[in-house]
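Some notes on the structure that comes next.
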Amino acid sequence: MIKKCKSCNKLASKKYSNKYCSGECQSQARLLKWRREGKTCKAASPVKHNGKLINDLNFYNTREWIAVRYQALRLSEHRCLSCGSSPNDGIRLHVDHIKPRSVRPDLSLNINNLQVLCEQCNLGKSNKYSDDFRPATSLLIK
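Each number in the numbering used here corresponds to the 1-based position in the sequence shown with 13 added.
Printed below as a string of structure tokens:
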């Protein structure tokens, strides 16, 4: 009997217990299950800000994040700090954590740990690198 991936319905692989076609689908399914159960993974550990616990499920909807995100966008003049493109060029901007939240959750809301990147530059950087594309003159914001 041919088994299909539980996540995307492609042909499942023996490597993933005949349940998933790839590690990506397996990880995605695991993350969705954790979210349904109200859990977070180590890579998205909870953050304390002003004594309040902010977990991964609601972090990007908090007033604190929205305010610091907007501040970062204004400082970058709504341009990708890596390639220089802007929404006028048809791209989406992301506010990137230079030191990833998975490694330094305590810096999640620190403006000095944020930079604006287009979607492609940010996805290429991922959480594997801590590249800082900000100009040297704007590195420390008080």
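Every residue, glycine too, gets a C-beta built ideally from N, C-alpha and C.
Tell me residue i's beta-bridge partners as DSSP assigns them.
i: LYS17; result: LEU24
i: CYS131; result: LEU106
From the DSSP output, in three-state form, read off residue i for me.
i: SER58; result: Caution is warranted here: a pLDDT of 49 is assigned to SER58, below 50, making its placement in the model unreliable, and the coordinate value is therefore given only provisionally. Note: SER58 maps to coil in three-state DSSP.
i: LEU86; result: helix
i: LYS112; result: coil
i: TYR33; result: coil
i: ASP144; result: coil
i: SER40; result: helix
i: GLU77; result: helix
i: ARG117; result: coil
Could you tell me the alpha carbon to alpha carbon distance between residue i and residue j, rounded to whole angstroms?
i: SER58; j: ARG114; result: Confidence is the limiting factor: at SER58 the pLDDT is only 49, short of 50, which leaves the residue's position unreliable, though a coordinate-based value still follows. Roughly 8 Å separates the two Cα atoms.
i: SER99; j: GLU90; result: 9 Å
i: PRO148; j: ASP119; result: 23 Å
i: ASN71; j: LEU24; result: 34 Å
i: ALA85; j: HIS110; result: 11 Å
i: TYR33; j: SER40; result: 10 Å
i: SER139; j: MET14; result: 38 Å
i: ASN81; j: GLY137; result: According to the sequence shown, residue 81 is Val rather than Asn. Cα to Cα, VAL81 sits roughly 23 Å from GLY137.
i: ASN135; j: GLN128; result: 10 Å
i: VAL108; j: GLU37; result: 24 Å
Can you tell me which of the options puts its alpha carbon nearest to the alpha carbon of residue i?
i: LEU130; options: SER121, VAL116 and GLY97; result: GLY97
i: ASP146; options: SER20, CYS93, ILE79 and ASP102; result: It is worth fixing the name first, because residue 146 is Phe in this sequence and not Asp. Taking only the C-alpha atoms, the option nearest PHE146 is CYS93.
i: SER30; options: ASN22, CYS21 and LYS16; result: LYS16
i: GLN133; options: CYS21, ALA42 and GLY103; result: GLY103
i: TRP78; options: ASN126, GLU37 and LYS141; result: ASN126
i: TYR142; options: ASN123, SER35 and LYS112; result: LYS112
i: ASN123; options: TYR83, ARG43 and ASN22; result: TYR83
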